[in-house]
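Notes to accompany the following structure.
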Amino acid sequence: MRQSREALDPLSCRITAALQVNPRAPWASIADALGEPERTVTRRGRELLESGSVRVVGVIGATGAVVLRARCHVGMARAVSVGLARRDDTMFVEVHPEKWTVATRP
């Protein structure tokens, strides 16, 4: 499996976000939720998975986990992400330019 180091385009980011909400959702449901053609979402989703750019994994005991996406003021992303990472209920914090993701335990 080859992992891509390139940034994801907007549609790939939206598909990835949909998979975070429901990793077992059929492509047709994701396409409907995103308002995109099913063939496009299916093709792009498969490319993301086959390239290793996106992986769907199960985490034991993660029932009820929440994925949080937030924006903060310029220069504050590091402080906010470090604060969230220190919480006992945080599983991981992922920071990207202009967006970041936090997954928490219930």
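Number 60 in my numbering belongs to position 60 of the sequence shown; there are no gaps in the numbering.
From the three backbone atoms N, C-alpha and C, an ideal C-beta is built for every residue, glycine too.
If you drop the 5 nearest sequence neighbours on each side, which residues of the same chain put their C-beta closer than 8 Å to that of R55? L49
Under 9 Å between C-beta atoms of S29 and N22: yes
Counting only C-beta atoms, is S81 closer than 9 Å to chain D at any point? The chain inventory of the structure shown lacks chain D, comprising one protein chain alone.
Measuring only the C-alpha atoms, how far is T90 from R78? 15 Å
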